[in-house]
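First comes the structure, then the notes that go with it.
As structure tokens, then:
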């Protein structure tokens, strides 16, 4: 079946809180930038924009380390002499870090570790300038203080290059992590989604692959690997795949590749030869039926990739594939591409599972970070940021030059337990949850509004802002004065754009209520006003009744309890 699939015995439960990353190398992007996307998916995470100013610290200054997922205090560590400004998951030097959690071997958890995966990300962003520096910082922090989280895949990128890093704790073998980090080949893309992705890796190519000295020996000591070193696979040793981790996780990475490659996976084989195979050759693996045929770590897109294309990948529900969430009975009568938790359920002794697509209802925040090395460092970084379900929320440009956070994204403006009418997270949830009741009828109105805003920003508005900021560098005699002026200008642009769009989204939520109330649809004029009755401008000319999908009607008709009207 498409959505509800019988599971084999021994199925490992699909994780409900799960994230997705897409990485686009400099040579694969349309404008020469490096791109990383990330959806922070958790039923308990509030969508807000983390912000830390650059700072200089006196000797002896300490940093409190609190677990990102829970807020649990872990430890305090010394501050370095200098820390960098961070805006979400990007810093002022255009370093970007995202993640997905894959769990992995439970016995490698270090309960006494003092630093978690979230803290590794946000502390590293304050201390590293480049992707390679970030990898070294992550390793040194984890090895110094002990790592207390599960296995993680990190996306790490700067203005020139992008890396994917799989890591996990050492368990009783000592503090720190074992890991492999591989550079995304220029011109290629990568994706990961809660399943370790690095299999075999080169042992003598430090320019493109960095790994822990004991990454193989630890696996040998645990009995997880016994072959030649050259045959070692990080994924197989530390996060062996099963039906659940593939169908609920790797399938999302396959879908991202399927979209960005136009359905044709081009990649380099172990001999460095270019291979081309249709994405359909790997659908058996993505669906958990052919575990011996995983798709490659890196593929080459069919065309240069834009920010908008990556954003739209994050809105995917497997449309047009055998896992399409809009077309089975689970989608109801209005093609809803969401399934409420838990993900698996039983009927007559058989266990079934719902799909878990890239776009999901429990997203706290999401982004597409754009490191643009072809622009001056003071201007190049844009952190395209959004909250809640990517499919029904917009991305607004947050320049890393900003010195303020828009009120709608401010930390403390509401939380997961307290509603705020001025918080982006809550207005986006009002819109998404409204759409969930009649998705194929209401969501297109939202998507149209998203596309209008994002295309305007990506194609025209931010380019004009870039040009204005670049001109400032040559206008002022002193570079420091130019940087201050640029910071003020891009801060104003960031805040005003975000707040204006927030106001537009408040109006959109009102429109959805009025236009689609009680399952009806009111027609609009080209200017957006409602078509009114010839007798009163307070009454609609007519009411539309959209009904249900054909698949739903046929499914209901097949039910013996269907209310069939008998012919006279």
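In my numbering, the protein residues as written are 1 to 568. We put the beta carbon where it would ideally sit given N, CA and C, even for glycine.
Burial state of residue 73, where buried means 16 or more other Cβ atoms lie within 10 Å: By one-based count along the chain shown, residue 73 stands at place 73. With fewer than 16 other Cβ atoms within 10 Å, it is exposed.
Check whether the segment 148-159 and the segment 90-99 are in contact - that is, three or more C-beta pairs closer than 8 Å. yes
Report the CB separation of residue 235 from residue 197 in whole angstroms; it is logged as a contact under 8 Å. For the purposes of this step, residue 235 is identified with residue 235 of the chain shown, where counting begins at 1. For the purposes of this step, residue 197 is identified with residue 197 of the chain shown, where counting begins at 1. At roughly 7 Å, the Cβ-Cβ gap stays under 8 Å, so residue 235 and residue 197 are in contact.
Between the alpha carbons of residue 455 and residue 164, how many angstroms are there, rounded? Stepping through the chain shown from its first residue, residue 455 is reached at position 455. Stepping through the chain shown from its first residue, residue 164 is reached at position 164. Roughly 29 Å between the two C-alpha positions.
First and last residue of the alpha helix (DSSP H) that includes residue 264? In the chain shown, the residue the question calls residue 264 occupies position 264. Element bounds for residue 264: not the alpha helix (DSSP H) but the beta strand (DSSP E), 264-268.
Can you tell me where the alpha helix (DSSP H) with residue 427 in it begins and where it stops? By 1-based counting over the chain shown, the position of residue 427 is 427. Residues 424-435.
At the level of alpha carbons, what is the spacing between residue 342 and residue 391? Position 342 of the chain shown, counting from 1, holds the residue named residue 342. Position 391 of the chain shown, counting from 1, holds the residue named residue 391. So the alpha carbons of these two residues sit roughly 21 Å apart.
Terminal residues of the alpha helix (DSSP H) in which residue 442 lies: For this step, residue 442 is matched to residue 442 along the chain shown. First-last of the alpha helix (DSSP H) with residue 442: 439-455.
Considering just the uninterrupted stretch of the alpha helix (DSSP H) at residue 514, what are its terminal residues? Numbered from 1 along the chain shown, position 514 holds the residue referred to as residue 514. Note, residue 514: alpha helix (DSSP H), 479-516.
Where the beta strand (DSSP E) through residue 21 begins and ends: Translated into positions along the chain shown, residue 21 becomes position 21. Taken as a continuous stretch (DSSP letters only), the beta strand (DSSP E) holding residue 21 covers 20-24.
By DSSP, does residue 222 sit in helix, in strand, or in coil? Start at 1 with the first residue of the chain shown, and residue 222 comes out as number 222. DSSP places residue 222 in coil when its eight states are reduced to three.
How far does the alpha helix (DSSP H) with residue 468 in it extend, from its first residue to its last? To locate residue 468, count along the chain shown from 1; it is residue 468. Counting along the chain, the alpha helix (DSSP H) containing residue 468 begins and ends at 462-475.
Under three-state DSSP, which class holds residue 66? Stepping through the chain shown from its first residue, residue 66 is reached at position 66. It is a strand residue.
From which residue to which residue does the alpha helix (DSSP H) around residue 236 run? By 1-based counting over the chain shown, the position of residue 236 is 236. That run of the alpha helix (DSSP H) goes 234-238.
Answer with buried or exposed for residue 186, where buried requires no fewer than 16 other C-beta atoms within 10 angstroms of its C-beta. What you label residue 186 is simply residue 186 of the chain shown in a count that begins at 1. Under this definition residue 186 is an exposed residue.
Looking only at its chain, what residues have a beta carbon closer than 7 Å to the beta carbon of residue 229, apart from the 5 residues adjacent to it on each side? Against the chain shown, residue 229 aligns to sequence position 229. So the list reads 203, 216, once near-sequence residues are dropped.
For residue 340, which three-state DSSP category applies? For the purposes of this step, residue 340 is taken as residue 340 along the chain shown, with counting starting at 1. DSSP places residue 340 in coil when its eight states are reduced to three.
Please classify residue 564 as buried or exposed, where buried requires at least 16 other C-beta atoms within 10 Å of its C-beta. The count along the chain shown starts at 1 and reaches residue 564 at position 564. So residue 564 counts as exposed.
Can you name, in chain order, every residue of its own chain whose Cβ lies under 6 Å from the Cβ of residue 548, other than the five neighbours on each side? The sequence position of residue 548 within the chain shown is 548, counting from 1. Closer than 6 Å at the Cβ level, and outside the excluded window around residue 548, lie 333.
Which of helix, strand or coil DSSP assigns to residue 243: Indexing the chain shown from 1 puts residue 243 at position 243. Helix, per DSSP.
Segment limits, beta strand (DSSP E) that includes residue 154: Counting from one through the chain shown, the residue named residue 154 turns up at place 154. Per DSSP, residue 154 belongs to the beta strand (DSSP E) from 151-157.
Three-state secondary structure assigned by DSSP to residue 13: Along the chain shown, read from residue 1 onward, the residue named residue 13 stands at position 13. Its pLDDT being 40, under 50, residue 13 is placed unreliably in this model, and the coordinates cannot settle the point.
Those runs of the beta strand (DSSP E) which lie wholly inside the segment 319-399 and span at least 3 residues: 344-347, 350-353, 363-371, 382-387, 396-399
Let's test the definition: count the other Cβ atoms within 10 Å of the Cβ of residue 246 and tell me whether it reaches 16, buried, or not, exposed. Sequence index remark: in the chain shown, residue 246 carries index 246 (1-based). It is buried - the Cβ of residue 246 has at least 16 other Cβ atoms within 10 Å.
With 16 other CB atoms within 10 Å as the buried threshold, where does residue 349 fall? By 1-based counting over the chain shown, the position of residue 349 is 349. Counting Cβ neighbours within 10 Å, residue 349 comes out exposed, since fewer than 16 surround it.
Please state if the CB of residue 66 and the CB of residue 360 are separated by a distance shorter than 7 Å. Along the chain shown, read from residue 1 onward, the residue named residue 360 stands at position 360. Along the chain shown, read from residue 1 onward, the residue named residue 66 stands at position 66. Taking 7 Å as the Cβ cut-off, residue 360 and residue 66 do not qualify as a contacting pair.
Between 430, 31, 26, which has its C-alpha nearest residue 387's C-alpha? Indexing the chain shown from 1 puts residue 387 at position 387. Looking at the Cα atoms, 430 is the closest of the given residues.
Take every Cβ of the segment 463-472, pair it with every Cβ of the segment 508-521, and state whether three or more of those distances are shorter than 8 Å. no
Reduced DSSP secondary structure (H/G/I, E/B, other) of residue 175: In the chain shown, residue 175 corresponds to position 175, counting from 1. The answer is coil: DSSP assigns residue 175 none of H, G, I, E or B.
Taking the alpha-carbon positions, what's the residue 11 to residue 364 distance? Residue numbering aside, residue 11 sits at position 11 when the chain shown is read from its first letter. Residue numbering aside, residue 364 sits at position 364 when the chain shown is read from its first letter. Residue confidence is low: residue 11 scores 34 on pLDDT, short of 50, so the model does not pin down where it sits. Its coordinate-derived value is still stated next. Residue 11 and residue 364: Cα-Cα distance of roughly 28 Å.
Per DSSP, what are the beta-bridge partners of residue 530 in this structure? By one-based count along the chain shown, residue 530 stands at place 530. Residue 530 pairs with 524.
With H, G and I counted as helix, E and B as strand and the rest as coil, what does DSSP make of residue 7? Counted from its first residue, the chain shown places residue 7 at position 7. Low confidence applies here, because residue 7 scores a pLDDT of 35, under 50, leaving its location unreliable; read the following figure in that light. Correct three-state label for residue 7: coil.
How do the segment 363-377 and the segment 35-53 stand: do at least 3 beta-carbon pairs fall below 8 Å, yes or no? yes
Determine which residues share a DSSP beta bridge with residue 90 and list them. Here residue 90 refers to the residue found at position 90 of the chain shown. In the DSSP output, where bridge partners are listed per residue, residue 90 has 87, 96.
Reference residue 87; option with closest CA among 381, 145, 340, 513: The count along the chain shown starts at 1 and reaches residue 87 at position 87. Nearest of 381, 145, 340, 513 to residue 87, Cα basis: 381.
8 Å Cβ shell around residue 238 - same chain, five flanking residues per side excluded: Your numbering for residue 238 matches position 238 in the chain shown. Around residue 238: 104, 105, 108, 151, 166, 168, 178, 196, 219, 224.
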